[in-house]
Amino acid sequence: MEFKDLISFSPSWTNAQGEFAEIVFSSRVRLARNLAQFKFPLKAKKEELKEIFNLVKNCMASIPGEKLVFPLLSLRPLDKEFLVERHFISRQFFKNRDGKGIGIWKEENLAIIINEEDHLRIQALTAGLSLTKAHKLANRLDNDISKKLPYAFSSQFGYLTSCPTNTGTGLRTSVLIHLPGLVHSGKIRKVIERLGQVGFSVRGFYGEGQEVEGNFFQISNQTTLGRKEEEIVDGLHKTVIQVVEYETRARELLLKNAEIQLEDKIWRAYAILKSARLLSTKEFINLSSAVRLGVGLGILKKVSLKTLNELLIFTQPAHLQKITGHPMEPAERDTRRASYVRQKL
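Here this note's numbering is used: the first residue of the sequence shown is 5, the next is one more, and so on.
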């Protein structure tokens, strides 16, 4: 398996198999870990960061499963954007590249980010609302690594991390959720405020600092210190079920009070995607949001959620260029995106 092979696979977390898959796109669990006897990445010297990368790479070689491990320095700009689009890294990760690296399992349900804010970010990504499953995957990998590489740990505080909000369990849980009913009914602001009051943050499609597109939101826990891992996972799980209930009620009200207008919006979006010759990334995301709503409501029966999930990833700029095999200007990408969407639908 090589890096170029990743474009040939659909990530396992796009398969629409998890609970509430028509509303919850994916679940993610991240564990922040640092190696004992090394300075944190922001204070470590280049030589130390490179040593940490090599230690982690050697450790991963002994863990079962087909995987890739590579330094950030080996990647072209297009490859880095590809990894952002696959939800492995943020653009912040591009800075100060010495010693940074990534490990990715073939199914893309597991990944390790090396020398970001912490020495290790162990990530598990699964389809639908499946936080417990993601937590088990991340924990299993965490246990395998800890047998070979001792972690920075305090009996008083737990796992030690660069950011105090991660100290303790080092656990961050999040879901990517589609909430067009709450957006169109004007109730989304109240829901976001309520989530903030009970300790959850809400961000856009690609996380912190990103605008909301296609009515997709990331909901995640804010702190980990003083709480058990199971408590954090269960807390978000119950909260997301509540948000799903709010969204379901909002959709039912929209269908009851404005059925013709809603159906018109859905069918128009579907018709444009089926026939458009030019599509920008933003236009596709917003139109596909209406189509996804139509599938969730049972109005569109010939489109699968799995197809929509894959399109949401493979229509991104870096993916299109890797599929085509050459760099493209935005105008050419818009043409290629429209053609790709027509073909898939």
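Yeah, the Cβ is synthetic: ideal placement off N, Cα and C, and Gly gets one too.
So, is residue i buried or exposed, given that buried needs 16 or more other C-beta atoms within 10 angstroms?
i	result
S66	exposed
I264	exposed
T165	buried
E85	buried
A275	exposed
V202	exposed
S224	buried
K269	buried
A342	buried
S293	buried
G213	Here the model assigns G213 a pLDDT of 48, short of 50, so the residue's position is not dependable, and the following value carries that caveat. Under this definition G213 is an exposed residue.
Please look up how many angstroms separate the CB atoms of residue i and residue j, rounded, as I've assumed it's under 8 Å.
i	j	result
A131	G22	4 Å
K54	G107	The Cβ separation is near 16 Å, so there is no contact.
G327	E89	At residue 327 the sequence reads Ile, which differs from the Gly that was named. Not confirmed; about 12 Å, so no contact.
R32	S150	That pair is no contact at about 21 Å.
F220	F29	7 Å
For residue i and residue j, I'd like the C-alpha separation in whole angstroms.
i	j	result
R337	L153	44 Å
L183	H91	19 Å
L234	F204	Looking at the sequence itself, residue 234 is Glu, so the reference to Leu does not match. If I take the Cα positions, the gap works out to 16 Å.
V345	T285	11 Å
F209	S189	20 Å
A128	S94	16 Å
Y250	R272	26 Å
L72	L145	15 Å
G300	E26	5 Å
K305	A335	32 Å
M64	K49	23 Å
S134	L175	16 Å
N350	T339	Not covered by the structure: residue 350. The range shown for the chain is 5 to 349.
Q320	N147	35 Å
L378	L283	In the structure as shown, the chain starts at 5 and stops at 349, and residue 378 therefore has no counterpart that could be examined.
A156	T252	44 Å
A36	N143	12 Å
Starting from residue i, trace the alpha helix (DSSP H) both ways and give me its first and last residue.
i	result
N290	285-300
Q222	Unbroken run through Q222 is the beta strand (DSSP E), 220-225; no alpha helix (DSSP H).
W271	263-279
T136	135-150
S178	Taken as a continuous stretch (DSSP letters only), S178 belongs to no alpha helix (DSSP H), being part of the beta strand (DSSP E) at 175-182.
L315	309-318
F86	81-89
In the DSSP assignment, find the unbroken beta strand (DSSP E) run with residue i in it and report its ends.
i	result
F29	28-37
S343	It is not in any beta strand (DSSP E) - S343 instead sits in the alpha helix (DSSP H) that spans 334-348.
L72	71-75
L129	124-131
G107	105-109
V206	204-207
Smallest Cα separation from residue i: which of the options?
i	options	result
S12	R346, R340, H323	H323
E111	N19, V206, M332, S293	N19
P15	E26, S224, L87	L87
E6	I126, L79, A40	L79
N100	N113, I117, L76	L76
G185	F161, L283, V60, L266	L266
R231	G162, S293, R125, N62	G162
T311	Q347, N261, P334, L259	Q347
P331	P81, F42, P68, K43	P81
L229	P168, A156, E121	P168
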